[in-house]
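Trainee:
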Amino acid sequence: MKIIRKNLKISLMILGLIISQISFAQVVSISGTVTDQETGEGLPGVTVLVKGTTNGTITNFDGNYTLSVEPGATVQFSYIGYETSEFVISSAQTLNVGLRLDTEQLEEVVVIGYGQIRKEDATGAVASVNSSDFNQGATSSPQDLIQGKVAGVLIQTEGGAPGSSAKIRIRGGSSMSASNDPLIVIDGMPIDNRTIDGMSNVLTSINPNDIASFTVLKDASSTAIYGSRASNGVILITTKEGKQNQDFRVELESKMSVNEIKEYIDVLDADAFRNLVNERAAVNSSVNPALMGNAKTNWQDEIFQTAIGHEHNLSVSGAVDKIPFRASVGYTDQFGILRTSSMDRKTATFKVNPSLFDNHLKVTAGIKYMNIDNRFADKAAIGNALRFDPTKPVFNNTGIYGGYTTWLMGDGSRNVNGTRNPVAQLQQRHDESDVNRYIVDAQANYKLHFFPDITATLKVGLDESDSDGFTNTDPSASWVQTASSGVKRDYTQKRRNKLFNFYLNYKKDLTNIDSRVDAMAGYEWQHFWSNASAYEVDRFSTVIVNSKDETENYLVSFFGRANYSYKDKYLLTATVRADGSSRFHEDNRWGYYPSTALGWRVIEESFMQNQDVVSNLKLRLGYGLTGQQELNSGDYPYLGIYRLSDSRTQYKLGDQYYTLIRPDGYDRSLEWEKTTTYNVGVDFGFFENRLSGAFDFYKRDTKDLLNTIPVPAGTNFTDRLLTNVGDLENIGFELSVNAIPVSTKDLSWEVSFNLTHNKNKITRLTNYDDPTYKGVDVGNISGVGVGNTIQKHAVGYPLNTFYVYEQVYDANGKPIEGLYVDRNNDGTVNENDKYYAESPAPDVFMGLSSTLYYKDFDFGFNARAAIGGQVYNNVIVGARYQELTVNEYLTNLPSEINNSKFTTAQQYSDYFLEDASFLRMDNVTLGYNFKKLLKKSVGLDLNLRLYSSVQNVFVITDYSGLDPEVNEGIDNDIYPRPRVYLFGLSASF
36 MKIIRKNLKI SLMILGLIIS QISFAQVVSI SGTVTDQETG EGLPGVTVLV
86 KGTTNGTITN FDGNYTLSVE PGATVQFSYI GYETSEFVIS SAQTLNVGLR
136 LDTEQLEEVV VIGYGQIRKE DATGAVASVN SSDFNQGATS SPQDLIQGKV
186 AGVLIQTEGG APGSSAKIRI RGGSSMSASN DPLIVIDGMP IDNRTIDGMS
236 NVLTSINPND IASFTVLKDA SSTAIYGSRA SNGVILITTK EGKQNQDFRV
286 ELESKMSVNE IKEYIDVLDA DAFRNLVNER AAVNSSVNPA LMGNAKTNWQ
336 DEIFQTAIGH EHNLSVSGAV DKIPFRASVG YTDQFGILRT SSMDRKTATF
386 KVNPSLFDNH LKVTAGIKYM NIDNRFADKA AIGNALRFDP TKPVFNNTGI
436 YGGYTTWLMG DGSRNVNGTR NPVAQLQQRH DESDVNRYIV DAQANYKLHF
486 FPDITATLKV GLDESDSDGF TNTDPSASWV QTASSGVKRD YTQKRRNKLF
536 NFYLNYKKDL TNIDSRVDAM AGYEWQHFWS NASAYEVDRF STVIVNSKDE
586 TENYLVSFFG RANYSYKDKY LLTATVRADG SSRFHEDNRW GYYPSTALGW
636 RVIEESFMQN QDVVSNLKLR LGYGLTGQQE LNSGDYPYLG IYRLSDSRTQ
686 YKLGDQYYTL IRPDGYDRSL EWEKTTTYNV GVDFGFFENR LSGAFDFYKR
736 DTKDLLNTIP VPAGTNFTDR LLTNVGDLEN IGFELSVNAI PVSTKDLSWE
786 VSFNLTHNKN KITRLTNYDD PTYKGVDVGN ISGVGVGNTI QKHAVGYPLN
836 TFYVYEQVYD ANGKPIEGLY VDRNNDGTVN ENDKYYAESP APDVFMGLSS
886 TLYYKDFDFG FNARAAIGGQ VYNNVIVGAR YQELTVNEYL TNLPSEINNS
936 KFTTAQQYSD YFLEDASFLR MDNVTLGYNF KKLLKKSVGL DLNLRLYSSV
986 QNVFVITDYS GLDPEVNEGI DNDIYPRPRV YLFGLSASF
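Under my numbering, read the sequence shown as residues 36 to 1024, first letter to last.
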């Protein structure tokens, strides 16, 4: 029996050896490096696949790969923009492959509304920026990644506060009273541009490190598919995801930044202020030197600080059981240069995108989570730091008002009109919020088995945010000593955005007529809901605010698009969308938005062959109609709304206060703003696209513009009504150029430049011609009472045009106080002598980016410039002797007082208008790459990049203020943009 068992074991061992030998004989290993055939550079992400199977891999960062295959198998090497190469494998070998550029595929696939398209087939004005071209440095919000990168797109942050809001304008604004913000679509989900309470920027909730690309749709032929929300352009954000057959990959990025204020606003120091007070006291008895102190306080020094920030991002991607995935976490902790301001953000994402049933079903599902804790500083402290007496110390010796120096009256009581202590404003006020946001979405694309030319797409999504915040003021603070001054405010808000859409896509190559058809039709439903509450008490615990508000709106849509290509030369695109919004009365609820565009790929014509200079030439012509439903007037602007008054607006009858019910004015006939766009463009490329770009000319006409106009008494619940009465036009052109001056194995240089010119003009503001109507007052200014404005919306002029007096100067070029040009020559200078100056919008704005690679070094910079436009220096309006002593307190003055020597306010003088042109070096970055650090020692393919950058390097401008880039052209105590020194590392394996 033992002999039988022994023989059986031997037999099984021999059989196993035979089987293993057969198995090893049937599988061989190949490895090597895939490079660019021209430059010799390794190509990461090349797909290496056994033809007809799912057995494959992708090349690593250096272009290396290893793959096990059966002898006789055909292996394909494919990469976007390169020709596919195939090799038959007979035995184990080292196979190095050089891929050639495929000029037919260099025009990559770009994301568009509800789908993708080959860039060479695009007929609209579309620009795409991928992660490899993003701006470097400290990027706390997604818009920072593409600032200055896209022609026709102007991005301007509100200031230097962590997570501060940003103004994004695509081809100028198309509205006067409604929103001018573009529609933002994240992974196919249109988001609500309205920020939740407790967060300044709706985009701050998206971690820039998770973004793969931006696509900007600029003309109506590309945006009309989004109908009523597309008049201001569309920005499509696509986040990163895993890839089929991808090896397990870990990426880590860490940054540390030092933020410092570049310069202070020029005001009088303590000695200069003391001298001025004594000089003025000699000629003006109301100026009292006895009010001065003995200190030398630089109040700007006291409120600003050098701030530290750090950011860390970790991502893991790959494919498990042929299911691609990507997961990431991120953490950002940023303090502001204004004391007590900070932002703390945590993010997490998870995304899977498997292909099933022989690639007939493709599913993409993901979740994005963000938590952000904000601490908001009182920005009014900036203005008060300029005005508070520099001879006073920060703290007093009495201990009252928290120990902070406070202006007192002669009898020792608080001077209610005195400038607030700016340090106290920051330290005695605690304004904090906690915001959570979830974006959950899933999309299924099913290519019908029985009709594979048709793909059905279903997408559902949920974008939900909630915030809790409070503003607590120390009860001892000087400015909350009276009743109705709030010391404790709590608020909450929830926002919810639900999406459902379904569409069918038909794609067919009609080879018998040399044509290609791509048609799509679909339905979309979206619901926006918000709930908010606020509760506020004063220092006596008296409730002064107790409010709740719930609101919602629906958008239902039907849309379709057809693309037709004939001989790959002649292109036609047509789209249409019908939107129904609950924001309008049922008589005006539906809007219809068609567009059409033509394209001619001249490069494919026979007369363009047999030449090696022009590598791409395409002409485009487009027309379309888009709408605007973000009216900035709530979700029910056509309904009569009644509101309850709070405790500060009650009506007193006898000894009793009564809550009032107040009706709002409304217009039942309110409807969409509509923008018609005409676009002519050319895409070009030379020398195998080493020099490429695009030029577009456009004209945009907006009708039914919202304007607030006077209405006869008794016809409504208001004497001024928001209604559709205006027209506006934008005309401009844009140029983008990309160049690769040098491209060798060791040295390459890439340069990008863009230039935009846009001019807008209001063409109608009233229902009838009224030569006496000067326009709509806008552009609030401060420092001279309340309710003062410096701009107008006026017919024949751009939006926000400055409306001012023309200053008269003496022989020495000094302004003569109160003397202005009598422009109408009637012998009297009054309101009729004001003139329309320029607008804040630049005539031309430009962006320049450069990246240089030498071996393992990289060096890059990004710069922006603007030419033209004006800025109103509201800061130096306060430079007047009259301000020195008011109501028994002293006020510091800007150093400008030494030039103008104004006694009284001259706020409407064009003396305060300055040229807003500038050249700004946004970022300079230097990096070094360490490759395969642990390859020999532990076999780990670790790549490490160390880099350093400086942000906001310098600004060249003639503007005398702190920064010419200010919101709507009025410089009024802006939160300064810091200079940022950043050190970072990124690692992957």
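Using N, Cα and C, we set each Cβ at its ideal position, and we do this for glycine too. These numbers come from a predicted model, not from an experiment.
Going along the chain, which residues of its own chain have a beta-carbon closer than 8 Å to the beta-carbon of Asp304, five neighbours each way excluded?
Mentor: The count along the sequence shown starts at 1 and reaches residue 304 at position 269. Excluding residues within five positions, the ones whose Cβ falls inside 8 Å are Lys331, Asn333, Pro425.
Trainee: For the candidate residues Thr101, Gln171, Asp97, whose alpha-carbon lies nearest to that of Gly1019?
Mentor: Mapped onto the sequence shown, residue 1019 falls at position 984. Taking only the C-alpha atoms, the option nearest Gly1019 is Gln171.
Trainee: Does the beta-carbon distance from Gly574 to Pro510 come in below 8 Å?
Mentor: For this step, residue 574 is matched to residue 539 along the sequence shown. For this step, residue 510 is matched to residue 475 along the sequence shown. For the record, residue 574 in the displayed sequence is Arg; it is not Gly. Their beta carbons are under 8 Å apart, which means Arg574 touches Pro510 by this criterion.
Trainee: Would the beta-carbon of Asp998 fall within 8 Å of that of Pro1013?
Mentor: As a working mapping, residue 998 is identified with position 963 in the sequence shown. As a working mapping, residue 1013 is identified with position 978 in the sequence shown. For Asp998 and Pro1013, no; Cβs fall outside 8 Å.
Trainee: How would you call Lys403, buried or exposed, if buried means at least 16 neighbouring beta carbons within 10 angstroms?
Mentor: Along the sequence shown, read from residue 1 onward, the residue named residue 403 stands at position 368. Under this definition Lys403 is a buried residue.
Trainee: With Gly698 as the anchor, note down where its beta strand (DSSP E) starts and where it stops.
Mentor: Start at 1 with the first residue of the sequence shown, and residue 698 comes out as number 663. Strictly speaking, residue 698 in this sequence is Pro, with Gly absent from that position. Here the beta strand (DSSP E) through Pro698 covers 696 to 698.
Trainee: For Ala1022, I'd like the list of residues in its chain whose CB is within less than 6 Å of its CB, leaving aside the five on either flank, ordered along the chain.
Mentor: Along the sequence shown, one-based indexing puts residue 1022 at 987. Contacts found: Leu287, Leu979.
Trainee: Pick helix, strand or coil for Thr109, following the three-state DSSP scheme.
Mentor: By one-based count along the sequence shown, residue 109 stands at place 74. Thr109 falls in the strand class under three-state DSSP.
Trainee: Please give the ranges of any alpha helix (DSSP H) in the stretch 332 to 402, keeping only runs that are unbroken, at least 4 residues long and fully inside the region.
Mentor: The qualifying runs are 334 to 338.
Trainee: Distance check for Ala459 and Leu834, CA to CA, integer angstroms please.
Mentor: As a position in the sequence shown, residue 834 is number 799, starting the count at 1. As a position in the sequence shown, residue 459 is number 424, starting the count at 1. So the alpha carbons of these two residues sit roughly 39 Å apart.
Trainee: On the CB-based measure, 16 or more other CB atoms within 10 Å of its CB, does Pro217 come out buried or exposed?
Mentor: The residue you call residue 217 lines up with position 182 of the sequence shown. With 16 or more Cβ atoms within 10 Å of its Cβ, Pro217 is classed as buried.
Trainee: Return the CA-CA distance between Val717 and Leu607, expressed in angstroms with no decimal places.
Mentor: Counting from one through the sequence shown, the residue named residue 717 turns up at place 682. Counting from one through the sequence shown, the residue named residue 607 turns up at place 572. Taking the straight line joining both Cα atoms gives about 15 Å.
Trainee: Under 8 Å, do Ile18 and Val475 count as touching if we go by C-beta distance?
Mentor: The displayed coordinates of the chain run from 36 to 1024. Any statement about residue 18 would go beyond what the structure contains.
Trainee: Alpha carbons only, please: which of Arg596, Glu639, Gln663 is nearest the one belonging to Leu652?
Mentor: If you number the sequence shown from 1, residue 652 lands on position 617. Closest option to Leu652, Cα to Cα, is Glu639.
Trainee: To which residues does DSSP link Asn978 through a beta bridge?
Mentor: Here residue 978 is taken as the residue at index 943 of the sequence shown, counted from 1. In DSSP, Asn978 forms a bridge with Ser1023.
Trainee: Pick from Ile246, Gln178, Phe385, Val429: whose alpha carbon is nearest that of Gly353?
Mentor: The residue you call residue 353 lines up with position 318 of the sequence shown. Of the candidates Ile246, Gln178, Phe385, Val429, the one whose C-alpha sits nearest the C-alpha of Gly353 is Phe385.
Trainee: Hey, quick one: how far does the beta strand (DSSP E) through Gln478 stretch, first residue to last?
Mentor: Within the sequence shown, residue 478 is the residue found at index 443, counting from 1. From DSSP, the beta strand (DSSP E) with Gln478 extends over 464 to 482.
Trainee: What distance in whole Å lies between the Cβ atoms of Asp282 and Thr92, which are believed to be in contact at a cut-off of 8 Å?
Mentor: As a first step, residue 92 is located in the sequence shown; it is residue number 57 there, counting from the start. As a first step, residue 282 is located in the sequence shown; it is residue number 247 there, counting from the start. So it is a contact: roughly 6 Å between Cβ atoms.
Trainee: For the beta strand (DSSP E) that Gly895 lies in, which residues bound it at each end?
Mentor: Numbered from its first residue, the sequence shown carries residue 895 at position 860. Here the beta strand (DSSP E) through Gly895 covers 892 to 902.
Trainee: So, using beta-carbon positions, are Pro106 and Asn95 closer together than 8 Å?
Mentor: As a first step, residue 106 is located in the sequence shown; it is residue number 71 there, counting from the start. As a first step, residue 95 is located in the sequence shown; it is residue number 60 there, counting from the start. No; because the gap between Cβ atoms is not below 8 Å, this pair is not in contact.
Trainee: In three-state terms, what does DSSP make of Phe947?
Mentor: On the sequence shown, residue 947 is found 912 positions in, with the first residue counted as 1. Phe947: helix per DSSP, three-state reduction.
Trainee: Please confirm whether Val912 has its beta-carbon closer than 8 Å to some beta-carbon of chain C.
Mentor: The structure shown contains no chain C; it holds only a single protein chain.
Trainee: Using DSSP with H/G/I as helix, E/B as strand and the rest coil, what is Met291?
Mentor: Stepping through the sequence shown from its first residue, residue 291 is reached at position 256. Here Met291 sits in strand by DSSP.
Trainee: Cα separation between Leu590 and Arg624?
Mentor: Within the sequence shown, the letter at position 555 stands for residue 590. Within the sequence shown, the letter at position 589 stands for residue 624. Between Leu590 and Arg624, the C-alpha separation is close to 10 Å.
Trainee: Identify, in the order they occur along the chain, each residue of the same chain with its Cβ nearer than 7 Å to the Cβ of Thr268, setting aside the five sequence neighbours on each side.
Mentor: Within the sequence shown, the letter at position 233 stands for residue 268. The sequence as given places Gly at residue 268; Thr does not occur at that position. For Gly268, where only same-chain residues beyond five positions count, the Cβ hits under 7 Å are Ile205, Arg206, Pro217, Val251, Leu252, Lys253, Thr258.
Trainee: Helix or strand or just coil, what does DSSP make of Arg264?
Mentor: Within the sequence shown, residue 264 is the residue found at index 229, counting from 1. In the structure shown, Arg264 sits in a helix (DSSP, three-state: H, G or I).
Trainee: Which value, in whole angstroms, describes the spacing of the CA atoms of Ala201 and Glu708?
Mentor: Residue numbering aside, residue 201 sits at position 166 when the sequence shown is read from its first letter. Residue numbering aside, residue 708 sits at position 673 when the sequence shown is read from its first letter. Answer to the nearest angstrom: the Cα atoms are 23 Å apart.
Trainee: Smallest Cα separation from Ser120: which of Asn933, Ile226, Val110, Val104?
Mentor: Counting from one through the sequence shown, the residue named residue 120 turns up at place 85. Closest option to Ser120, Cα to Cα, is Val110.
Trainee: Hey, could you find the ends of the beta strand (DSSP E) Val145 is sitting in?
Mentor: For the purposes of this step, residue 145 is taken as residue 110 along the sequence shown, with counting starting at 1. 144 to 147 is the extent of the beta strand (DSSP E) around Val145.
Trainee: Is the stretch 956 to 974 touching the stretch 878 to 896, taking contact as three or more C-beta pairs under 8 Å?
Mentor: In short, these stretches touch, since the Cβ pair count reaches three.
Trainee: Nearest by alpha-carbon distance to Tyr526: which of Asn409, Gly504, Ser320, Ala127 is it?
Mentor: Against the sequence shown, residue 526 aligns to sequence position 491. Nearest option by C-alpha distance: Gly504.
Trainee: Considering only residues of the same chain and omitting the five flanking positions on each side of Val1015, which have a CB-CB separation below 6 Å?
Mentor: By one-based count along the sequence shown, residue 1015 stands at place 980. Ala173, Ser292, Asn294, Gln986.
Trainee: Go ahead and label Lys357 buried or exposed: buried means 16 or more other beta carbons lie within 10 angstroms of its beta carbon, across all protein chains shown.
Mentor: To locate residue 357, count along the sequence shown from 1; it is residue 322. Exposed, because fewer than 16 other Cβ atoms sit within 10 Å of the Cβ of Lys357.
Trainee: Where do the N-terminal and C-terminal ends of the alpha helix (DSSP H) with Arg422 fall, by residue?
Mentor: Along the sequence shown, one-based indexing puts residue 422 at 387. First-last of the alpha helix (DSSP H) with Arg422: 415 to 422.
Trainee: Taking the straight line between their C-alpha atoms, what separation do you get for Ala60 and Gln128?
Mentor: Position 25 of the sequence shown, counted from the start, is the residue given in the question as residue 60. Position 93 of the sequence shown, counted from the start, is the residue given in the question as residue 128. Confidence in Ala60 is poor, its pLDDT being 42 and thus under 50, which makes the residue's placement too unreliable to answer from.
Trainee: Are the stretch 672 to 681 and the stretch 592 to 601 touching, with three or more C-beta to C-beta distances below 8 Å?
Mentor: In short, these stretches do not touch, since the Cβ pair count stays below three.
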